[in-house]
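Q: Protein chains in written order, with my numbering: chain P, 1 to 406; chain C, 1001 to 1406. For glycine and all other residues, C-beta sits at the position ideal for the given N, C-alpha and C. Everything numeric in this text was worked out from a predicted model, so none of it was measured.
1) Apart from the five residues on each side of it in sequence, which residues of its chain come closer than 8 angstroms, Cβ to Cβ, to residue 313(P)?
2) Closer than 9 angstroms between beta carbons: that is the criterion. Which residues of the segment 159-193 of chain P meet it against chain C?
3) What are the start and end residues of each continuous alpha helix (DSSP H) run of 4 or more residues lying completely inside the segment 303-355 of chain P, in chain order?
4) Excluding sequence positions up to five away, which residues of its chain have a Cβ less than 6 angstroms from the Cβ of residue 1077(C)?
5) Which residues, in chain order, does the segment 75-88 of chain P contribute to contact with chain C at a C-beta distance below 7 angstroms?
6) What ranges does the alpha helix (DSSP H) occupy inside the segment 1160-1226 of chain C, keeping only unbroken runs of at least 4 residues that lie completely in it?
7) Assign residue 1033(C) to buried or exposed, taking buried as 16 or more other Cβ atoms, counted over all protein chains shown, within 10 Å of its Cβ.
8) Could you tell me the distance, in whole angstroms, from the CA atom of residue 1171(C) to the CA atom of residue 1359(C)?
9) Got a sec: which bits of the segment 21-52 of chain P sit with their beta carbon under 7 angstroms from any beta carbon on chain C, in order along the chain?
10) Examine chain C for any beta-carbon lying closer than 9 angstroms to the beta-carbon of residue 281(P), and answer yes or no.
11) Whose C-beta lies closer than 6 angstroms to the C-beta of residue 1163(C) among residues of the same chain, with five residues either side of it excluded?
12) Under the rule that 16 or more other beta-carbon atoms within 10 Å means buried, what is residue 429(P), buried or exposed?
13) State the start and end residues of the unbroken alpha helix (DSSP H) segment that holds residue 1054(C).
14) Which of the three DSSP states is assigned to residue 128(P) in this structure?
15) According to DSSP, is residue 111(P) part of a helix, a strand, or is it coil?
16) Once DSSP output is grouped into helix, strand and coil, what is the label at residue 7(P)?
17) Quick check: the segment 343-357 of chain P against the segment 278-293 of chain P, are there 3 or more CB pairs under 8 angstroms?
18) Rounded C-beta distance between residue 1107(C) and residue 1063(C)? I'm assuming under 8 angstroms.
19) Determine the extent of the beta strand (DSSP E) in which residue 1256(C) is found, giving its start and end residues.
20) Please list the partners that residue 55(P) has in chain C, where partner means a Cβ-to-Cβ separation under 7 angstroms.
21) Measure how close the beta-carbons of residue 381(P) and residue 370(P) come, nearest whole angstrom, since I'm counting them as under 8 angstroms.
22) What number of angstroms, rounded off, separates the C-alpha of residue 30(P) from the C-alpha of residue 90(P)?
23) Checking the sheet assignment: what are the DSSP bridge partners for residue 240(P)?
24) Which of the three DSSP states is assigned to residue 1373(C) in this structure?
25) What is the DSSP secondary structure of residue 1277(C), reduced to helix, strand or coil?
26) Identify the continuous alpha helix (DSSP H) that holds residue 18(P) and give its terminal residues.
27) What residue range does the beta strand (DSSP E) around residue 94(P) cover?
28) Is it buried or exposed, residue 187(P), if we count other Cβ atoms within 10 angstroms and call 16 or more buried?
29) Quick one: Cα of residue 1084(C) to Cα of residue 1205(C), how far?
30) Take every Cβ of the segment 1235-1243 of chain C, pair it with every Cβ of the segment 1306-1325 of chain C, and state whether three or more of those distances are shorter than 8 angstroms.
31) Compare the C-beta of residue 1125(C) against all C-beta atoms of chain P and say whether one is closer than 9 angstroms.
32) Does residue 79(P) come out as helix, strand or coil in the three-state DSSP assignment?
33) Since residue 1245(C) is in the alpha helix (DSSP H), which residue starts that stretch and which ends it?
34) Compare the C-beta of residue 143(P) against all C-beta atoms of chain C and say whether one is closer than 9 angstroms.
35) What residues in its chain sit with their C-beta under 7 angstroms from that of residue 1420(C), if we drop five residues either side in the sequence?
36) Between residue 173(P) and residue 1346(C), what straight-line distance do the alpha-carbon atoms span, to the nearest angstrom?
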């Protein structure tokens, strides 16, 4: 079997943990599997670098920032490879460039454009354990180091797994799988044995931090089977795979919440075609990702209100852009509301079951939780509510859809 | 003017110092000079990495170790470039690979084989300040990161200066130049205005830490003018250049001491041709650099004694190798003595002045300092003495050769 294993920052957070990971890898190697490792930076390192650069300037230039950040994973990959080598097994640490992760030039959030992992394959074929620095890549002409954005090491692992046609991509983290919801909020939260790519994609996009959304997308596209498990125990974890008929029987698989959202509202926008397009184009061109958008029906045919949500960290710049445009348009006031949360239920069963949305809205309403915005997809319903009701909403939804039951 | 500046670890040891260096660079840039920067890792980082790897294993594999260590300079180069950029000047951080430092594959002590710094030149030509991670290179096929050994950033700077035909290579450190001896030992030690490559080479090889010996060798070969100065003040520093007639008037330019030596002695070695060759070949093949060698004349034509010195860190393995060989040869006991120091006087004037050695030996003898080994070159005389007399020897030699006088 060929296994790609990715270890997150807490899994390699100190020397003892790096040694423990090395032992885990060696154990697996002794079962005669081919093994490829991808590592994140040691926990806290990336933030430490961001802080240091932040002390130098409010706006570090992104190209050099990528070079700075990439060193975090180079350190952990080198150390893990040193540890494995010291146990008498052949390992070789590889930078993102050496592993052939080719990206575009969008520094700090580069996209993978090609995988030229011939060197990784050769290493595996000759009995080596490649230990790849995750999160980083190199531009097409091999001239500049890029990084893939937060959680990018997951993407590195899935990309390498897809290139090597690995049998499984194991994502090791500090939790032992994907839960029906955050166990910190709901005691009865249950670990899922299996989940579909689509559900995982929704959960990841909705703030479940267990897997990076882009890596799930990538895994879905190339059908890379993923298992999410803990590096601190040997619990089997959660399998993320192609949807099967079993999964459809379950209406709701999970409840997610995301407190990292802010809502921007513009009043009295002239109701002309192209207005919204212009606004969201400007926001997007500043690399701000808009999540939910609601435009009310114009009551008088002349003016309307538009609300949209953005990550809290981008709220200030999104508001500035919005204000500039509302000025140009002669629209009304633009305001931002940060005390909000997004509550979502996810399940492939929604495709075939009706009344799920109604049940969600009624449950929230029964608990006096006001819904500010709604957004739905085939397998997901999200509501924006007041921040203070987050935990309550998660609990009542987990209960009403009986997620604690197998 | 085109200036290559190299900043050592203490000069970029923390955020404030990095900012101060950036200001210094910008100031120089404003005088319309072309500037290229080479940096070491932030003070203590390289040692920290070595310690961490040492916690994992007594013998980290060198290839991965180089990858680990190289990240220290990548961090400082990125941060300095971010700082310069934030001041409104164009800077670009470059790894050793990006700067085109091509080396052989001798990990942890690689030798530069080629300099393909086209990218550095292009950057300078288009008004950028390249900030190069020192100490590191890449193998010919661009596949593995190497490091150039302790002090390797000096070598990077000189190599880049030679490639660019820079007008000057400024080595910034925490002392403001080259002194007649260690001012910590002799109060009257005087800063030299100018020193020849050869003298500097001897001083560097003799333990003066201000410049790495290989970089002086490189500078001599390609006639790169170097100035050694402090990054903490604007004192003019010491110029290291080609020998001129002025220099020859001075008999002794400096006194150096090196406490990092150990002496290995083998008794009763069969006096046959090829014995010494075999011994030192074995020592060298373990990458241990032998410094001084003394072989006594055989009294009976059958047996002789051999003594040699090695760096203290290599003493144990050198002794092991030696014992193995003495066993094979049927030679006598091999012993190691670590409480020794090497005292040296250096000066190009020795070439034309006689009696310098005699004066040195007499001075040591007058002070009851026993000489265990002697080694001389055209412009240097070194003596191995007991460690405890180190400071005394330095002081009396500094006095007798009147080094405090201009």
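A: Inspection of the coordinates gives the following:
1) Here the set comprises 260.
2) Those would be none; no residue qualifies.
3) DSSP assignment within the segment 303-355 of chain P yields the following whole alpha helix (DSSP H) runs of 4 residues or more, N-terminal first: 315-329.
4) Excluding the 5 residues flanking it on each side, residue 1077(C) has same chain C-beta neighbours closer than 6 angstroms at 1039, 1093, 1131 and 1133, in chain order.
5) Listed by position along the chain: 75, 78, 79, 81, 82, 83, 85 and 86.
6) Complete alpha helix (DSSP H) runs here, min 4: 1197-1205 and 1213-1222.
7) Around the Cβ of residue 1033(C), a 10 Å sphere holds fewer than 16 other Cβ atoms; the residue is exposed.
8) Distance between the alpha carbons of residue 1171(C) and residue 1359(C) is about 34 angstroms.
9) Taking 7 angstroms as the Cβ-Cβ cut-off against chain C, the residues of the segment 21-52 of chain P that qualify are 52.
10) Output row for residue 281(P): interface = no.
11) 1115 and 1117.
12) This structure cannot speak to residue 429(P), because chain P is shown only from 1 to 406.
13) Residue 1054(C): member of the alpha helix (DSSP H) spanning 1045-1056, first to last residue.
14) DSSP places residue 128(P) in coil when its eight states are reduced to three.
15) Look at residue 111(P) here: in three-state DSSP terms it is coil, with no helix or strand label.
16) Residue 7(P) falls in the strand class under three-state DSSP.
17) Two segments are said to touch when three or more pairs of C-beta atoms, one from each, lie closer than 8 angstroms; by this definition the segment 343-357 of chain P does not touch the segment 278-293 of chain P.
18) Cβ atoms of residue 1107(C) and residue 1063(C) come within 8 angstroms of each other, at about 5 angstroms.
19) Segment 1254-1258, the beta strand (DSSP E) holding residue 1256(C).
20) Residue 55(P) reaches chain C at 1015, counting residues in chain order whose Cβ is nearer than 7 angstroms.
21) Not quite, the Cβ-Cβ distance comes to about 16 angstroms (not below 8 angstroms), so this is no contact.
22) One Cα belongs to residue 30(P), the other to residue 90(P), and the distance between them is close to 12 angstroms.
23) Assignment of beta-bridge partners to residue 240(P) by DSSP yields 195(P) and 226(P).
24) Assignment of residue 1373(C) by DSSP, reduced to helix, strand and coil, places it in the strand class.
25) It is helical.
26) Unbroken alpha helix (DSSP H) run through residue 18(P): 15-30.
27) Per DSSP, residue 94(P) belongs to the beta strand (DSSP E) from 91-94.
28) By the beta-carbon neighbour count (other beta carbons within 10 angstroms, threshold 16), residue 187(P) is exposed.
29) The straight-line gap from Cα to Cα measures roughly 35 angstroms.
30) No, the segment 1235-1243 of chain C is not in contact with the segment 1306-1325 of chain C.
31) No - not a single Cβ of chain P is within 9 angstroms of the one on residue 1125(C).
32) If DSSP states are grouped into helix, strand and coil, residue 79(P) belongs with the helices.
33) Start and end: 1245-1249.
34) Taking a beta-carbon distance threshold of 9 angstroms, residue 143(P) counts as an interface residue toward chain C.
35) Residue coverage of chain C in this structure runs from 1001 to 1406, which leaves residue 1420(C) outside it and unanswerable.
36) Their backbone Cα atoms lie some 60 angstroms apart in a straight line.
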